[in-house]
Amino acid sequence: GNSVTQMEGPVTLSEEAFLTINCTYTATGYPSLFWYVQYPGEGLQLLLKATKADDKGSNKGFEATYRKETTSFHLEKGSVQVSDSAVYFCALQTGANNLFFGTGTRLTVIP
Amino acid sequence: GAVVSQHPSWVICKSGTSVKIECRSLDFQATTMFWYRQFPKQSLMLMATSNEGSKATYEQGVEKDKFLINHASLTLSTLTVTSAHPEDSSFYICSARASRTSYNEQFFGPGTRLTVL
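Heads up: the protein sequence lines correspond to chains L and W, in order.
Just so we're aligned: the first sequence equals residues 37 to 147 in the numbering used here.
Just so we're aligned: the second sequence equals residues 63 to 179 in the numbering used here.
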């Protein structure tokens, strides 16, 4: 079956620290992989995605590389800001419809 | 980006009553809308997929008679929790997929927190 295992939070970092949020997956076939971000009081927003092995998704300084050999899609950012404080969800999609989500990781960045 | 709204953002009701949650795509037409449920510290679980003008497709284990979904227009879907009980208390999130996107991106609403007393 399909599932996503995501690093549990919460994660608290100082501004300008390096961020890694781990995500591994189990899927039938060849899924697309996503990171969504949810800022307080808002809906989930697509942060980045990768559709095939070795693809790197990037946006707003965040990056994640689709690693088929390790079934991973870890989220990284070299220097976090207070405005990055949010909940981050890793997700996969097979076929046209269903998204399978991880449990979410709450990130708090302190000045 | 595309905007999806939900109303209400939170609701408290008595056990046995019904609650309706609205999901609207504000600036695009959505042929498909999705309803998710999220328990504390757990992932979003897909409840059902609704296509405009047709019956919703429910995921295994979701009671279709309890969670009524209507997708009567390209911008509105509703979820009605009938005869709500405390175990139905949860965070309900909808998403919508635009009709002419070349990829299947879903745009999410901010969620509705339901508390059943």
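We put the CB at the ideal spot given by N, CA and C, even for glycine.
Burial state of residue i, where buried means 16 or more other Cβ atoms lie within 10 Å
i, result
"Ser164 of chain W", "Residue confidence is low: Ser164 of chain W scores 41 on pLDDT, short of 50, so the model does not pin down where it sits. Its coordinate-derived value is still stated next. The residue is exposed, with fewer than 16 neighbouring Cβ atoms inside 10 Å."
"Pro67 of chain L", "buried"
"His147 of chain W", "exposed"
"Phe101 of chain W", "exposed"
"Trp97 of chain W", "buried"
"Trp185 of chain W", "With chain W covering only 63 through 179, there is no way to say anything about residue 185 of chain W."
"Thr106 of chain L", "exposed"
"Ile131 of chain W", "buried"
"Ile83 of chain W", "buried"
"Ser145 of chain W", "exposed"
"Gln187 of chain W", "Since the first residue of chain W shown is 63 and the last is 179, residue 187 of chain W is not available in this structure."
"Ala134 of chain W", "exposed"
Residue i - DSSP class collapsed to helix/strand/coil
i, result
"Glu149 of chain W", "helix"
"Ser139 of chain W", "strand"
"Ser121 of chain L", "coil"
"Thr60 of chain L", "strand"
"Glu105 of chain L", "coil"
"Met95 of chain W", "strand"
"Lys88 of chain L", "coil"
"Ala160 of chain W", "strand"
"Glu84 of chain W", "strand"
"Ala64 of chain W", "coil"
"Ser71 of chain W", "coil"
"Phe101 of chain W", "coil"
"Ser39 of chain L", "strand"
"Thr139 of chain L", "coil"
"Val47 of chain L", "strand"
"Tyr75 of chain L", "coil"
"Thr79 of chain W", "coil"
"Leu82 of chain L", "strand"
"Leu179 of chain W", "coil"
"Val145 of chain L", "strand"
Identified DSSP bridge partners for residue i
i, result
"Ala100 of chain L", "L:Gly93, L:Leu111"
"Ser132 of chain W", "Just to set this straight, residue 132 of chain W is Asn in the shown sequence, not Ser. BP columns for Asn132 of chain W point to W:Thr140."
"Thr119 of chain W", "W:Thr111"
"Phe54 of chain L", "For Phe54 of chain L, which the question treats as bridged, DSSP gives no partner whatsoever."
"Phe90 of chain W", "Paired residue(s): none; Phe90 of chain W is not in a bridge."
"Ser68 of chain L", "L:Gln129"
"Val124 of chain W", "None; Val124 of chain W has no bridge partner."
Assumed close pair residue i, residue j - CB separation to whole angstroms, cut-off 8 Å
i, j, result
"Arg99 of chain W", "Tyr154 of chain W", "6 Å"
"Leu80 of chain L", "Leu128 of chain L", "The Cβ separation is near 14 Å, so there is no contact."
"Leu84 of chain L", "Phe98 of chain L", "6 Å"
"Val143 of chain W", "Val65 of chain W", "Contact flag wrong, Cβ pair sits at about 24 Å."
"Thr64 of chain L", "Thr41 of chain L", "Between Thr41 of chain L and Thr64 of chain L the Cβ distance is about 16 Å, and since that is not below 8 Å, they are no contact."
| query | Do the region 42-56 of chain L and the region 113-125 of chain L touch if we need at least three Cβ pairs shorter than 8 Å? | reply | Enough Cβ pairs lie closer than 8 Å, so yes.
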